[in-house]
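Numbering (full-length UniProt numbering), first residue to last: 1 to 169.
Here it is in structure tokens:
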């Protein structure tokens, strides 16, 4: 017999599963649109966005991995195709030769500018258009609640990792 006290109740389970379903379907659709129209994945698009917003178009690999919510090895695998395609360059960090930087190239900027309308239109079509302005304000408030706590835990964990191994930062 299952211990009823450890399971989500029907309302909690419904909300949680709807959230997971929305996230999976939305990310899958946005990814498929980018692959079909521009031959890049949503994950690769995300890398280009983060690099394009960074000072000089460059980020430490560890910081980029954190921004993309992937492991360092996961980011390395993600960048393999992007480096081969000429969208990103990897270089040794000039201030810490143990670290690596990723830099968006002019070709990467071109690919990002080409793919951005597809992504933005998809976000609007599949998600934002389903809500009015008041709904979006409320949604933002609701989503911010767990994000604030989770980010504080992530920052604390990241600081601990950096303290144990300075080369990770």
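From the three backbone atoms N, C-alpha and C, an ideal C-beta is built for every residue, glycine too.
Residue 26 is a Cβ neighbour of residue 127, given a cutoff of 7 Å.
Taking C-beta atoms under 8 Å as the contact rule, residue 41 and residue 33 fail to qualify, at a distance of about 11 Å. Residue environment for residue 51: buried (at least 16 other C-beta atoms within 10 angstroms of its C-beta).
By the Cβ neighbour-count rule, residue 28 is exposed, with fewer than 16 other Cβ atoms within 10 Å of its own. With respect to the 7 Å criterion, residue 89 and residue 68 are not classified as neighbours on the basis of their beta carbons. Under DSSP, residue 59 takes part in a beta bridge, and its partners are 102. Straight-line measurement puts the Cα of residue 10 at about 44 Å from the Cα of residue 59. Here the segment 94 to 109 does not lie against the segment 117 to 135, with fewer than 3 beta-carbon pairs under 8 Å apart. Between residue 118 and residue 37, the gap from beta carbon to beta carbon is short of 7 Å. Going by DSSP, residue 88 is part of the beta strand (DSSP E) stretching over 88 to 92. Boundaries of the alpha helix (DSSP H) around residue 42: 42 to 53.
For residue 31, the enclosing alpha helix (DSSP H) covers residues 10 to 38. Burial of residue 44 is indicated by the presence of at least 16 other C-beta atoms within 10 angstroms of its C-beta.
For residue 71, the secondary structure class from DSSP, reduced to helix, strand or coil, is coil.
DSSP places residue 140 in the helix class (H, G or I) of the three-state scheme. Going by C-alpha positions, residue 122 is about 14 Å away from residue 24.
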